[in-house]
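The sequence shown maps to residues 210 to 409 in our numbering. Ideal Cβ placement from N, Cα and C applies to all residues, glycine included.
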Amino acid sequence: MNLLDSPVYVYYDKKSERITDFLPVDLDDNSKAAIINQWQMDIPRRILKALSENDMMTAPRIKETIGHSMSTLHENIKKLEEAGLIETKMIFEGNKQKIIRPKVFFVTQNPRLRSFLIKAANQGVWVETEKSKSVLKFLKENADEFHTAEEISLKLKIPVDEVKTLLENWNSQFNRGLSEFMKKMPFERRVYYRAVKSKK
């Protein structure tokens with residue numbers, strides 16, 4: 210599987226778990242097919258979701274999270290690695306153990322709530338929710354770094370389209386920055402966000 214050097218994000222509907230989109234948008238068809246094939250199977254899908262939320266895990270940690278026997282997990286982890294969706298590495302700090310990292314990140318979407326938030330914003334109504342507070346708190350606590358909406362979504366477990374809508378309606382709370390990757394066609398841009406530091 211020939212994934213790009215930049216992170217690959219796969220959007221899926223939170224309710225149906227159906228894949229809805231890919232980022233980068235020009236991801237090759239073979240990579241898309243490999244992703245869809247693994248996502249359609251229950252155990253690989255649960256492993257991929259757990260890794261997307263935690264970024265780095267061991268097999269015992271995955272077992273604690275999703276269950277199943279170690280032999281079943283090792284078999285599925287091997288298949289995911291062969292498909293190019295994850296990578297494994299042995300580390301020797303303390304006890305020898307295998308670390309598993311995702312190469313593809315799966316991010317939830319909630320189109321119905323996004324439509325509601327956009328409608329409210331167009332009417333001049335700001336929807337104050339626990340999610341909006343969580344996003345703003347995260348940005349303020351990490352004000353030295355820029356983050357994509359996808360990264361914020363994974364960290365806070367909030368559907369990515371909700372995160373994007375909330376961020377689009379804050380004009381003074383954060384800074385935007387555009388990444389420089391994907392300078393070739395289709396000239397895709399990725400927006401990064403960072404909270405505005407308070408002036409002392």
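- The beta carbons of Pro233 and Thr317 sit no closer together than 7 Å.
- Looking at Phe315, Met299, Lys288, Gln249, the one whose alpha-carbon comes closest to that of Thr267 is Met299.
- With at least 16 other beta carbons inside 10 angstroms of its own, Phe314 counts as buried.
- Look at the beta carbons and you see the segment 233–250 not touching the segment 263–277: under three pairs across the two are nearer than 8 Å.
- Take Lys305, set aside five residues on each side of it, and no residue of its chain has a beta-carbon closer than 6 Å to its own.
- Following the DSSP letters along the chain, one finds Lys241 inside the alpha helix (DSSP H) bounded by residues 238–248.
- Sorting Gly303, Pro311, Glu284 by C-alpha distance to the C-alpha of Thr297 places Pro311 at the top.
- CA-CA distance, Ile228 to Lys241, rounds to 10 Å.
- Note on the segment 250–323: whole alpha helix (DSSP H) runs with a minimum of 4 residues are 251–263, 268–275, 279–291, in chain order.
- Glu290 is the residue among Thr374, Glu339, Glu290, Phe347 whose C-alpha sits nearest the C-alpha of Leu260.
- Exclusion of the five residues before and after Phe231 leaves Val217, Tyr218, Val219, Tyr220, Lys241, Ile244 as the residues of its chain whose Cβ lies within less than 8 Å of its Cβ.
- In chain order, Ile275 place their CB closer than 7 Å to the CB of Arg255, counting only its own chain and leaving out the 5 sequence neighbours on each side.
- Val344 is not a Cβ neighbour of Leu363, given a cutoff of 7 Å.
- At least 7 Å separates the beta-carbon of Ala352 from that of Ala292.
- In the three-state DSSP reduction, Phe355 falls in the coil class, being neither helix nor strand.
- In the DSSP assignment, Val372 falls within the alpha helix (DSSP H) that extends over 369–377.
- The beta carbon of Leu257 sits closer than 6 Å to those of Phe315, all from its chain and outside the five residues before and after it, given in chain order.
- Phe355 and Glu377 have their C-alpha atoms some 15 Å from each other.
- The continuous alpha helix (DSSP H) containing Val344 extends over residues 339–350.
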